[in-house]
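Worksheet: one structure, shown below.
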Amino acid sequence: MQTQSFGSRYLTMRREKMQHGIQLAKRNKVCYLFLAPYAILFFTFFILPIATSIFYSFTYYNILEPARFIGFQNYINLILQDEVFLTSVKNTFVIAVITGPVGYILSFLFAWFINELPKWLRAIAVVVFYAPSISANAYTVFSIIFRGDAYGWFNAILMEFGLIDAPKLWLLDPTYMMTILIIIILWMSMGTGFLSFVAGFQGIDKSMYEAGYVDGVRNRWQELYHITLPSMKPMLLFGAVMSITSAFNVSDVPRILCGYPSTDYAARTVVTHLFDYGFSRFEMGYASAIATILFLVMILCKKAIAGLLGRVGT
Amino acid sequence: MSEQNTVKSIGTMKTISGRKYRGTLVAGETGAAFYEKGKDAPLVEWKYTRLHRLDNIRRGGTSSQVTVILKDDSRYIFDLDYGLKVYNQMDKNWADKPVTTKTRGDELHRLAELRGEKIQVKKHLITRRHPNRSIAGDIGIYLLLILMGLAMAFPLIFQIGASLKPLDEFFRFPPPVWPAHPTTDNFADLFVTMGQSWVPFSRYLVNTIFITFAGTFGHLIIASMAAFVLAKYQFPGGRAFFAVVTTCLMFSGYVTGIPNYLIMSRLGMIDTYWALILPAFAAPIGLFLMKQFMEGLPTALIEAATIDGASTFGVFWHIVMPNVKPAWLTMIIFSVQSLWNNSAATVIYSEAKKTLVYALGQIQAGGIARTGQVAAAQVIITAVPIIIFTLSESRILETMASSGIKD
Numbered sequence: 001m002q003t004q005s006f007g008s009r010y011l012t013m014r015r016e017k018m019q020h021g022i023q024l025a026k027r028n029k030v031c032y033l034f035l036a037p038y039a040i041l042f043f044t045f046f047i048l049p050i051a052t053s054i055f056y057s058f059t060y061y062n063i064l065e066p067a068r069f070i071g072f073q074n075y076i077n078l079i080l081q082d083e084v085f086l087t088s089v090k091n092t093f094v095i096a097v098i099t100g101p102v103g104y105i106l107s108f109l110f111a112w113f114i115n116e117l118p119k120w121l122r123a124i125a126v127v128v129f130y131a132p133s134i135s136a137n138a139y140t141v142f143s144i145i146f147r148g149d150a151y152g153w154f155n156a157i158l159m160e161f162g163l164i165d166a167p168k169l170w171l172l173d174p175t176y177m178m179t180i181l182i183i184i185i186l187w188m189s190m191g192t193g194f195l196s197f198v199a200g201f202q203g204i205d206k207s208m209y210e211a212g213y214v215d216g217v218r219n220r221w222q223e224l225y226h227i228t229l230p231s232m233k234p235m236l237l238f239g240a241v242m243s244i245t246s247a248f249n250v251s252d253v254p255r256i257l258c259g260y261p262s263t264d265y266a267a268r269t270v271v272t273h274l275f276d277y278g279f280s281r282f283e284m285g286y287a288s289a290i291a292t293i294l295f296l297v298m299i300l301c302k303k304a305i306a307g308l309l310g311r312v313g314t
Numbered sequence: 315m316s317e318q319n320t321v322k323s324i325g326t327m328k329t330i331s332g333r334k335y336r337g338t339l340v341a342g343e344t345g346a347a348f349y350e351k352g353k354d355a356p357l358v359e360w361k362y363t364r365l366h367r368l369d370n371i372r373r374g375g376t377s378s379q380v381t382v383i384l385k386d387d388s389r390y391i392f393d394l395d396y397g398l399k400v401y402n403q404m405d406k407n408w409a410d411k412p413v414t415t416k417t418r419g420d421e422l423h424r425l426a427e428l429r430g431e432k433i434q435v436k437k438h439l440i441t442r443r444h445p446n447r448s449i450a451g452d453i454g455i456y457l458l459l460i461l462m463g464l465a466m467a468f469p470l471i472f473q474i475g476a477s478l479k480p481l482d483e484f485f486r487f488p489p490p491v492w493p494a495h496p497t498t499d500n501f502a503d504l505f506v507t508m509g510q511s512w513v514p515f516s517r518y519l520v521n522t523i524f525i526t527f528a529g530t531f532g533h534l535i536i537a538s539m540a541a542f543v544l545a546k547y548q549f550p551g552g553r554a555f556f557a558v559v560t561t562c563l564m565f566s567g568y569v570t571g572i573p574n575y576l577i578m579s580r581l582g583m584i585d586t587y588w589a590l591i592l593p594a595f596a597a598p599i600g601l602f603l604m605k606q607f608m609e610g611l612p613t614a615l616i617e618a619a620t621i622d623g624a625s626t627f628g629v630f631w632h633i634v635m636p637n638v639k640p641a642w643l644t645m646i647i648f649s650v651q652s653l654w655n656n657s658a659a660t661v662i663y664s665e666a667k668k669t670l671v672y673a674l675g676q677i678q679a680g681g682i683a684r685t686g687q688v689a690a691a692q693v694i695i696t697a698v699p700i701i702i703f704t705l706s707e708s709r710i711l712e713t714m715a716s717s718g719i720k721d
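Heads up: the protein sequence lines correspond to chains A and B, in order.
In terms of this note's numbering, the first sequence is residues 1 to 314.
In terms of this note's numbering, the second sequence is residues 315 to 721.
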């Protein structure tokens with residue numbers, strides 16, 4: 001009896017809430033009109049592809065023949081049979097685990113250091129640090145720097161100092177490939193997140209620092225932990241999202257610098273693998289399964305980081 | 315401080331230490347200052363701490379109060395009678411808790427008085443921004459920044475050096491970072507090579523400019539409209555939609571590339587400019603930044619215009635858009651950057667529709683004989699976005715200040 005009345009009360013509440021929602025929607029009809037053009041395009045080019053991707057991941061589809069439903073076969077093949085995929089997962093994981101957090105922390109630290117500079121110097125420093133990631137393929141210069149013959153700058157320097165006798169194939173030898181890739185990706189990691197941090201620092205209410213000073217914050221590290229970090233939480237999360245995105249989406253750098261496919265697949269990442277199956281072999285179903293796994297991992301990462309950041313500065 | 319948009323209030327300032335100064339309080343665009351009577355240099359100065367700009371200044375309450383309202387709805391109240399208290403409404407219990415009660419100027423005056431001296435008031439009373447910083451730490455940071463800055467800039471400098479090298483210097487050992495005899499031959503050669511190609515160079519340029527312009531313009535209008543209602547109206551589905559957009563920030567480029575290709579081929583857009591332009595309209599980053607920035611606009615501004623009879627579109631076009639210019643610029647630049655860098659290799663295959671970056675990429679594939687031209691092409695591709703960014707840096711940072719994701 002008790003539960004029933006509780007249940008009916010809950011239902012009434014739900015109904016009232018829904019009616020309120022409908023009323024609100026009716027009153028704000030024009031809002032939907034404003035949202036519509038963007039929403040339609042967004043749906044077509046972002047939501048629909050993701051949904052399609054999930055759908056095709058359960059099929060065999062090569063564009064020419066109609067898609068054939070094969071259940072979880074793509075996923076099973078990926079995990080149990082495709083050794084190259086496992087290599088690519090390992091590589092992506094190594095790149096993501098190193099360049100994601102390190103790049104994130106570096107962007108934060110440099111944004112923080114830059115914030116201490118006078119205004120004109122700060123403007124220059126921001127350009128210097130952000131420049132590598134502005135242009136999508138500034139990194140191609142590394143193909144000259146790390147060229148495999150004696151005319152490559154890095155080889156030449158090492159040979160000048162007598163550290164190596166013969167030039168090394170930095171970008172083609174699986175032993176060095178990953179290290180060099182990681183360095184290059186770190187070089188490019190001061191991206192949108194970095195800008196967000198720089199701006200975030202400038203937006204912090206200066207009176208909080210004054211208050212902190214009066215309350216006995218003695219050095220910059222205490223100030224960072226107790227005042228700066230808690231007021232930057234939204235930017236930190238934005239930076240983290242951007243960092244995850246770039247760490248997991250690495251594909252152009254290895255593809256262009258290390259060759260496609262790279263020697264022994266030593267520089268293959270999940271996205272290069274996806275690119276290979278999607279645009280070279282046209283196995284769309286298989287490629288979609290790779291994409292779907294990547295979506296899931298990225299969303300989980302974002303959730304985990306949001307949870308971690310929730311505890312900062314408390 | 316510009317002369318426009320300033321409000322002056324004449325009165326006596328009392329400080330904590332009990333001193334009284336007769337003078338003028340001036341509140342303006344960037345901050346406020348108190349000028350002692352007959353002196354040019356301000357006695358005390360405040361800078362508004364938020365990046366948001368000034369909305370409104372008025373003399374309020376008693377005759378000795380000046381209220382400054384900023385775009386993010388925070389307000390500073392300068393009150394002469396109560397010992398120059400500065401209230402900040404963003405603070406909890408702002409009404410009874412002054413943010414600044416004691417200035418460094420007070421402290422200096424008090425110490426000087428103890429010593430029996432009189433100190434000369436200089437223009438900037440606060441010389442060190444952060445009192446709790448060690449000098450050693452500062453020096454360390456400067457050194458680290460210089461080193462890292464050089465490391466960051468090195469590849470780009472190397473690139474420029476390479477583009478200026480004459481051919482014989484490419485094969486000198488050890489290779490110099492900067493050429494001994496810089497030459498612009500590579501750029502000249504590049505234009506010759508471009509001129510000889512089947513499709514004229516200008517065609518690639520026109521393609522890129524058209525795609526960039528159309529994509530950016532549409533993106534600005536469409537995403538701003540969506541951002542406006544998401545930021546300023548409560549309606550069912552709005553929050554959820556924005557959450558989805560935020561999540562989609564993470565899925566860029568190739569991950570959605572394959573289904574995107576399928577959808578575009580269904581819509582018959584493959585090998586047309588639309589394949590590049592339409593997706594650019596819906597770029598999540600632009601909507602995201604615009605919405606976050608618009609949230610900083612005072613709702614009162616919109617309500618006032620609505621009461622005056624403006625339609626929603628009128629409010630959007632005449633009230634909101636002119637007030638979010640920094641965000642426009644940021645959207646434009648992000649959009650231009652991504653369109654400029656888009657080589658469109660997968661969705662466009664006819665030569666006459668390809669973009670500049672793609673054309674330059676083809677030259678890059680031309681092998682060792684073209685090393686100099688490749689470097690020159692690369693310098694051009696890289697320089698454009700960097701120059702655009704440099705010119706608009708302050709506006710971009712102003713927008714990025716509201717870029718955080720609240721979870």
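In this text, a Cβ means the ideal position worked out from N, Cα and C, and glycines have one as well.
Within chain B, the residues that residue i reaches when beta carbons sit closer than 8 Å
| i | result |
| --- | --- |
| A:Asn91 | Chain B residues near A:Asn91: none, gap ~16 Å exceeds 8 Å. |
| A:Gly21 | Pro550 |
| A:Thr316 | With chain A covering 1 to 314 only, the question about residue 316 of chain A has no answer from this structure. |
Residue from the options whose Cα sits closest to the Cα of residue i
| i | options | result |
| --- | --- | --- |
| B:Val520 | B:Ser716, B:Thr685, B:Lys668 | B:Lys668 |
| B:Thr561 | A:Met298, A:Leu224, A:Ala291 | A:Met298 |
| A:Leu229 | A:Asn62, A:Ala25, A:Leu308 | A:Leu308 |
| B:Met508 | B:Ala697, B:Ala494, B:Tyr672 | B:Tyr672 |
| A:Cys258 | A:Leu169, A:Phe161, A:Val97, A:Thr192 | A:Leu169 |
| A:Ile63 | B:Ala502, B:Pro573, B:Ser717 | B:Pro573 |
| A:Leu274 | B:Met578, B:Ile591, B:Gly571, B:Pro598 | B:Gly571 |
| A:Lys359 | A:Ser196, A:Ile134, A:Pro101 | Look at the range of chain A in this structure, 1 to 314, and you will see that residue 359 of chain A is not part of it. |
| A:Thr245 | A:Val141, A:Leu171, A:Cys301 | A:Cys301 |
| A:Tyr185 | A:Trp221, A:Glu223, A:Gly100 | Residue identity check: residue 185 of chain A is Ile in the sequence provided, not Tyr. The shortest Cα separation from A:Ile185 among A:Trp221, A:Glu223, A:Gly100 belongs to A:Gly100. |
| A:Phe108 | A:Phe142, A:Ala96, A:Phe129, A:Tyr209 | A:Phe129 |
| B:Val559 | A:Ser5, A:Pro261, A:Leu35 | A:Leu35 |
| B:Phe515 | B:Ala666, B:Lys353, B:Val340 | B:Ala666 |
| A:Pro174 | A:Pro261, A:Gln19, A:Ile164, A:Val97 | A:Pro261 |
| B:Ser625 | A:Lys29, A:Phe282, A:Asp215 | A:Lys29 |
| A:Leu121 | B:Ile701, B:Glu707, B:Gly718 | B:Glu707 |
Neighbourhood of residue i by C-beta distance below 8 Å, restricted to the same chain and skipping five residues each side
| i | result |
| --- | --- |
| A:Met1 | Confidence at A:Met1 is low in this model, with a pLDDT of 49, below 50, so the placement of that residue should be treated as unreliable; the coordinate-derived value is given next. Excluding sequence neighbours, A:Met1 sits near nothing in its chain. |
| A:Gln202 | Asn115 |
| B:Gly686 | Ala476, Ser477, Lys479, Pro480, Leu481, Phe484, Asp499, Asn500, Asp503 |
For residue i, the first and last residue of its enclosing alpha helix (DSSP H)
| i | result |
| --- | --- |
| B:Pro356 | Unbroken run through B:Pro356: none, as it is neither H nor E. |
| B:Val698 | 685-705 |
| B:Pro598 | 598-608 |
| B:Tyr456 | 449-477 |
| A:Ala131 | 119-134 |
| A:Trp153 | 153-160 |
| B:Pro493 | Taken as a continuous stretch (DSSP letters only), B:Pro493 belongs to no alpha helix (DSSP H), as it is neither H nor E. |
| B:Ser649 | 639-654 |
| A:Tyr75 | 73-76 |
| B:Glu483 | 481-484 |
Under 8 Å by beta carbon: chain A residues contacting residue i
| i | result |
| --- | --- |
| B:Tyr596 | Looking at the sequence provided, one finds Ala at residue 596 of chain B rather than Tyr. Here the neighbours are Tyr38, Leu41, Phe42, Thr44, Phe45, Phe46. |
| B:Gly451 | Asn219, Arg220 |
Chain-order list of residues whose beta-carbon lies under 7 Å from that of residue i (same chain, five-residue window excluded)
| i | result |
| --- | --- |
| B:Leu670 | Tyr518, Leu519, Thr522 |
| B:Ala691 | Leu504, Leu674, Ile677, Gln678 |
| A:Ser57 | Asn74, Gly285, Ser288, Ala289, Thr292 |
Rounded distance between the beta-carbons of residue j and residue i, thought under 8 Å
| i | j | result |
| --- | --- | --- |
| A:Ala240 | A:Ile305 | 4 Å |
| A:Asn91 | A:Ala267 | 7 Å |
| B:Leu601 | B:Ala541 | 5 Å |
| B:Gly610 | B:Ser716 | 5 Å |
| A:Val253 | A:Leu163 | No, A:Val253 and A:Leu163 are not in contact; Cβ-Cβ is about 25 Å, not under 8 Å. |
Under 7 Å from the C-beta of residue i: neighbouring residues of chain A
| i | result |
| --- | --- |
| B:Thr696 | Ser135, Ala138 |
Chain A residues whose Cβ lies nearer than 9 Å to that of residue i
| i | result |
| --- | --- |
| B:Tyr547 | Asn28, Val30, Cys31, Phe34 |
| B:Ser448 | Asn219, Arg220 |
Under 9 Å by beta carbon: chain B residues contacting residue i
| i | result |
| --- | --- |
| A:Trp187 | Ala465, Met466, Pro469 |
Beta-carbon proximity list for residue i, same chain, < 6 Å, skipping 5 on both sides
| i | result |
| --- | --- |
| A:Tyr176 | Trp170 |
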